[in-house]
Amino acid sequence: MKIIPLDAIQRVVTGPDAIDAVRKGYIAFSDGLIEQPDPLQILFKEADGSFFGDCHAKAAQGRGLPYFVIKVASGFYRNIEKRLLPNSGLVLVMSSETGHPVAVLQDDGWLTQMRTAAAGALAASIKPVLPTAALGVIGTGTQAFLQAQMITAFTGIKPVFVKGRGELESAAFAERLQTAGIDATPTTSAHEICDNAAIVVTATPSSEPVLMSDDVIGSIHIIAVGADSPGKLEIDPHLTARASLIATDSHVQCVHHGDFGAAVREGLLSEDADVSFCDVLAGKHPDLDFAGAEISMVDLTGVGVQDLAIASLVVNQLNV
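For the sequence shown, numbering that gives the first Met the number 0 begins at 0 and goes up steadily by one.
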């Protein structure tokens with residue numbers, strides 16, 4: 000068994016490669032070539048019930064592939080105060096023939112960040128927008144940064160409007176994006192984000208909505224990334240209910256703990272109001288008009304096939 004360190008992993012995984020691998024994985028899942036069990040989630044809470052950390056274990060196997068993967072990824076938000084990285088984890092690559100370990104990818108959660116951002120870029124791409132359109136990003140962490148980076152590179156959208164917890168956080172995040180060559184402007188409210196952007200991605204660990212129905216006046220395409228555990232919520236359920244098109248990466252997960260599920264549980268949407276994002280990417284819903292939708296949404300809770308896809312990319316590139 001080989002142990003692959005983070006620096007070796009980062010040398011062989013680019014944004015475009017991650018997007019292509021995740022897209023192919025989604026389509027393979029749509030075509031019935033992937034099996035993935037329900038994810039394991041461990042939630043860590045303060046005495047008042049608020050989250051300070053979570054850990055996810057996800058797995059998948061693919062028909063005809065020589066290996067399967069088990070991924071563990073954690074996010075502990077108080078780590079920043081301790082001057083530690085908030086995210087960590089690893090990916091275990093196992094032989095599909097013998098069940099023996101083939102490699103441990105010591106990625107510190109980086110592959111999870113990359114495959115999630117790749118999914119966001121794919122979600123943005125299904126909404127055709129004008130060349131002058133802008134992207135809105137709510138959140139200021141690593142995932143928010145990668146979403147801005149990958150979506151702008153993949154779609155060609157140039158201006159980015161950002162919002163953090165406060166004005167200082169928003170300004171610092173905009174400066175960080177500018178240093179990376181992205182045209183970023185800080186904002187003071189989600190309403191201002193929606194006034195300027197055609198596509199908005201939410202990438203926070205929030206347990207309360209960061210995007211309210213009143214924030215959205217015109218057309219918007221929402222990519223909800225952060226609500227990947229029970230108790231998390233980013234999108235006002237009344238806003239979700241206004242969407243004429245909703246795609247979910249996993250219907251079961253999104254009903255259970257995604258933003259789509261929050262609207263379903265409140266009786267604002269029927270449980271069958273979504274379509275499979277994997278099927279959309281596979282071209283199985285050519286009748287859906289994301290271009291003409293006033294409000295559309297992609298709810299991403301993260302699925303094992305993404306981990307299988309990006310881990311496969313690593314082991315193939317390194318000839319493990």
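Ideal placement from N, C-alpha and C gives every residue a C-beta, glycine not left out.
Keep in mind that this is a model prediction, so the values were computed, not measured.
Taking the straight line between their C-alpha atoms, what separation do you get for A147 and L238? 22 Å
Below 8 Å on the Cβ atoms is my contact criterion, and I expect I245 with D298 to pass it. Report the Cβ-Cβ distance as a whole number of Å. 7 Å
When the Cα atoms are used, what is the spatial distance from F153 to S124? 8 Å
Under the assumption that L312 contacts V12 (Cβ atoms under 8 Å), give the Cβ distance between them as a whole number of angstroms. 6 Å
Using alpha carbons as the reference points, say which of R22, A240, S269 and Q252 lies closest to A116. Nearest Cα to A116 within the set R22, A240, S269 and Q252: R22.
Below 8 Å between beta carbons: does that hold for Q305 and R62? no
Does the count of Cβ pairs from the stretch 188-206 and the stretch 272-284 closer than 8 Å reach three? no
Determine the DSSP secondary structure at D53, reduced to helix, strand or coil. Note: D53 maps to strand in three-state DSSP.
A308 to P285 span [Cα, whole Å]: 25 Å
Let's see if you can read the secondary structure: which residues bound the beta strand (DSSP E) around Q40? L39 to K44
Rounded separation between E191 and V136 - CA only: 11 Å
Kindly indicate which three-state DSSP category D106 falls into: helix, strand or coil? coil
Hey, quick one: how far does the alpha helix (DSSP H) through N315 stretch, first residue to last? G303 to L317
Examine the Cβ distances between the stretch 150-168 and the stretch 95-108 and report whether three or more of them are shorter than 8 Å. no
Nearest candidate by alpha-carbon position, reference I156, set R175, R164, L129 and F172: L129
Within the same chain, show all residues whose beta-carbon is closer than 8 Å to that of I347, passing over the 5 residues directly before and after it, in chain order. Here the chain covers residues 0 to 319 and nothing more, so residue 347 does not appear.
Does DSSP classify A58 as helix, strand or coil? strand
S295 in three-state terms, based on DSSP: strand
H99 in three-state terms, based on DSSP: coil
From what residue to what residue does the alpha helix (DSSP H) around A189 run? A189 to N195
According to the neighbour-count rule (16 or more other Cβ atoms, all chains shown, within 10 Å of its Cβ), is Q177 buried or exposed? exposed
Quick check on DSSP: helix, strand or coil for E168? Shown here, E168 sits in a helix according to DSSP, grouped into three states.
Answer with buried or exposed for D214, where buried requires no fewer than 16 other C-beta atoms within 10 angstroms of its C-beta. Under this definition D214 is a buried residue.
Sequence-distant residues of its chain with Cβ nearer than 7 Å to R77 (five each side left out): The residues are F51.
From what residue to what residue does the alpha helix (DSSP H) around Y25 run? G14 to S29
Could you tell me which whole beta strand (DSSP E) segments of length 3 or greater appear in the stretch 229-303? 244-247 and 294-298
What are the boundary residues of the alpha helix (DSSP H) that T184 is part of? Not the alpha helix (DSSP H): T184 falls in the beta strand (DSSP E), residues A183 to P185.
May I have the straight-line CA-CA distance separating A133 from S95, to the nearest angstrom? 44 Å
For I234 versus L267, is the C-beta spacing smaller than 8 Å? no
Only counting the same chain, and skipping five residues up and downstream in sequence, which positions put a Cβ closer than 6 Å to that of D53? L42, G74 and S228
Which same chain residues, not among the five before or five after E293, have their C-beta less than 7 Å away from its C-beta? S218 and S243
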